[in-house]
Amino acid sequence: MPRLLIVKTTSLGDVIHNLPVINDIRAHHPDMAIDWVVE
24 MPRLLIVKTT SLGDVIHNLP VINDIRAHHP DMAIDWVVE
């Protein structure tokens, strides 16, 4: 299973703005595990 770790250490609002990108990744790689590290 492919995995992706997204590290964003500053703003949770920026993470929310990136959700469409995550949706696109999931559409092309439905078996990918996506994890977040957010402060």
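Adding 23 to a residue's 1-based position in the sequence shown gives its number in my numbering. Ideal placement from N, C-alpha and C gives every residue a C-beta, glycine not left out. As the structure is a prediction and not an experimental result, all values here were calculated from the model.
Of the residues the options, the one placed nearest residue i, counting alpha carbons only
i: M24; options: V61, R49 and V30; result: R49
i: R26; options: M55, V61 and E62; result: M55
Cutoff 6 Å; reference residue i; Cβ partners in own chain excluding five residues on either side
i: D58; result: L28
C-alpha gap between residue i and residue j, whole angstroms
i: H15; j: N41; result: The requested residue 15 is not part of the displayed model; the chain covers only 24 to 62.
i: S34; j: D47; result: 21 Å
i: P43; j: D37; result: 12 Å
i: V60; j: V30; result: 5 Å
Residue i - DSSP class collapsed to helix/strand/coil
i: D37; result: helix
i: D47; result: helix
Close Cβ partners of residue i (< 7 Å) along its chain, the five nearest in sequence each way excluded
i: I39; result: none
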